[in-house]
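A short worksheet on the structure shown next.
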Amino acid sequence: MISPTLQAADLLEVYHSAQANDPTFDSARYALQAAEQKIPQARAGLLPVINLNGNDNANHASTEYSAATSTTQVKRSTQSWAWNLQLTQPLFRLQNYVAYQQSEYLVAQAHALYTQAEQDLILRLTQAYFDVLVANETIAVAESQMNAATEQMGQAQAGFEHGTNAITDVHEAKARIDLARAQKLAALNDLEAKRAELEKIVGEAPEALASLKETEIIPKPQPEDVGAWIEQARINNPAVLAPEAVVKAAESEVNRNRAEYLPTVDIVASYGQNYTSNNLTLPSDYSTNATTSSAGVQVTVPLFAGGATNSKVIEAIANKNKAQAQLETAKRQAATDARQAYSGIINGLAQIEALESAVDSSAIAVEGNKQGYKYGIHINIDILNAQRQLYSAKRDLIKARYDTLIQGLKLKAAVGTLSEADLISINQLLIK
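Residue 3 is where the sequence shown starts when you use my numbering, and the numbers rise one by one after that.
What follows is the structure in structure tokens.
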């Protein structure tokens with residue numbers, strides 16, 4: 003159990019730790035950063051390309067000049083260098099314009115996936131957080147059951163010593179103590195497993211966590227119309243927005259490949275200089291220094307590419323159709339998620355109400371059986387059974403409250419509105 007002297011960390015504090023330490027969320031963040039570079043990369047296809055080329059050469063030669071009576075050998079060395087600045091500015095390259103538009107859709111997809119990762123982090127963190135709390139409460143219930151059975155065994159032992167109870171009453175109580183002890187050990191093992199799951203997300207989990215106030219009322223979903231939630235999920239769920247962007251990108255890919263049939267028009271310009279000193283073969287000492295410049299329009303008309311362009315268009319159309327099918331699958335899944343989460347809240351609230359009544363009734367039954375035991379109306383096993391029912395109802399009630407809160411978050415996630423603000427609302431229901 004958690005020591006009362008420890009300052010418990012609340013859900014919001016643990017969430018901020020998860021944001022900084024969860025490797026899955028880190029991966030999504032870096033994926034978004036990488037995807038955002040697609041826009042400047044595609045924009046580059048619309049901007050000028052400038053290149054500077056240059057060379058510097060040294061040449062050596064030995065030349066013989068022959069006459070009737072003599073031969074003259076001349077050794078000469080020359081140096082030459084050149085540089086050329088080239089500029090190409092696309093005027094009409096439709097495929098580049100389409101690629102730029104396509105990059106915006108791909109970045110939109112990345113943002114939707116990042117939003118989905120943010121929501122997934124909230125759900126994973128909250129589920130792991132609540133699992134630890136439920137495990138702690140299960141330990142507390144097992145301890146309470148042990149204490150109650152121990153008290154009952156003491157009464158049964160005293161009654162046996164005075165001759166008013168059978169030894170079986172003592173054995174029954176002892177059996178319940180052993181059972182509760184076994185349940186506590188299992189709960190302790192489960193707590194370690196649940197803390198390990200939490201630490202996978204936050205790094206080092208706090209020793210103490212703020213738990214849900216018993217008196218807090220869990221609100222109903224607003225609006226209380228499952229159809230409205232389903233419709234919103236089909237429109238705004240990030241798992242829908244991502245494939246929607248993929249469909250648009252796939253349509254752009256079709257247009258980009260079709261644009262390969264069209265001519266391209268570029269402005270091309272160059273400016274350069276060439277210099278050569280002396281001459282290797284002629285015994286003369288002169289050098290050349292030429293400056294060149296040019297500007298014009300270059301038109302390229304694609305005539306035949308071996309059928310590759312047509313094949314790429316067919317491939318892109320097939321990929322677009324696949325993306326549309328995946329989008330419809332995502333919409334249906336989002337609708338299913340919203341329906342299930344909404345039902346989970348409604349049924350969870352009803353279950354909480356029923357279990358609250360069960361706890362109250364079981365507590366009354368325990369007291370009634372204890373009174374009946376004093377007067378010989380009930381036997382020891384009746385009390386033990388009533389106690390087991392009471393603590394089982396308490397354990398189920400605790401779990402139902404946390405499960406219902408999780409369903410509320412899942413409903414928000416299904417419609418794409420889950421955010422830190424929802425954790426702040428839940429945090430107000432917790433007590434440190």
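Glycine residues also receive a C-beta, built at the ideal position from the N, C-alpha and C atoms.
Would you call the stretch 222-234 and the stretch 304-311 in contact, with 3 or more CB pairs under 8 Å? no
Check the C-beta distance from Leu14 over to Leu425 and give it rounded, since I have them as a contact under 8 Å. 6 Å
In terms of residue numbering, what span does the alpha helix (DSSP H) encompassing Tyr17 cover? 13-23
Between Gly205 and the rest of its own chain, which residues show a CB-CB distance below 7 Å, the 5 nearest in sequence each way excluded? Ser19, Asn23
I'd like to know if the stretch 81-97 and the stretch 257-268 are in contact, where contact means that at least 3 CB-CB pairs between them fall below 8 Å. yes
Reduced DSSP secondary structure (H/G/I, E/B, other) of Arg95: coil
Count the C-beta pairs between the stretch 79-89 and the stretch 269-283 that are closer than 8 Å, then say yes if the count reaches three, no if not. yes
Alpha-carbon to alpha-carbon, Lys333 and Val109: 20 Å
If we count the other Cβ atoms within 10 Å of its Cβ and call it buried at 16 or more, is Val16 buried or exposed? buried
Please work out which residues of its chain come closer than 8 Å, Cβ to Cβ, to Gln335, disregarding the five sequence neighbours upstream and downstream, and give them in chain order. Ala241
What's the call for Gln147, buried or exposed, on a 16-neighbour Cβ count within 10 Å? buried
Thinking just about the alpha-carbon of each residue, which of Glu106, Ala327, His173 is nearest to the one in Leu34? Glu106
Helix, strand or coil for Ile220? Go by DSSP, reduced to three states. coil
Separation of Asp12 from Asn429, as counted between CA atoms: 7 Å
First through last residue of the beta strand (DSSP E) which encompasses Val299: 290-302
Return the first residue and the last residue of the alpha helix (DSSP H) that Ser254 is part of. 240-260
Short Cβ contact (8 Å threshold) for Ala343 with Lys401: no
Collapsed DSSP secondary structure at Asn57 in the structure displayed: strand
Measuring only from the beta carbon, is Ser64 closer than 7 Å to any heavy atom that is part of the ligand MN? For the ligand MN, the structure offers nothing, since it holds no ligand at all.
Mark Thr7 as exposed unless 16 or more other C-beta atoms lie within 10 angstroms of its C-beta, in which case mark it buried. Note that Thr7 scores a pLDDT of 45, beneath 50, so its modelled location is shaky and nothing firm can be said.
Among Thr338, Asp28, His173, Ala144, whose alpha-carbon lies nearest the alpha-carbon of Ala184? Ala144
Cβ-based neighbour list, Ser79, same chain, cut-off 6 Å, excluding 5 preceding and 5 following: His62
Are the stretch 316-331 and the stretch 245-255 touching, with three or more C-beta to C-beta distances below 8 Å? yes
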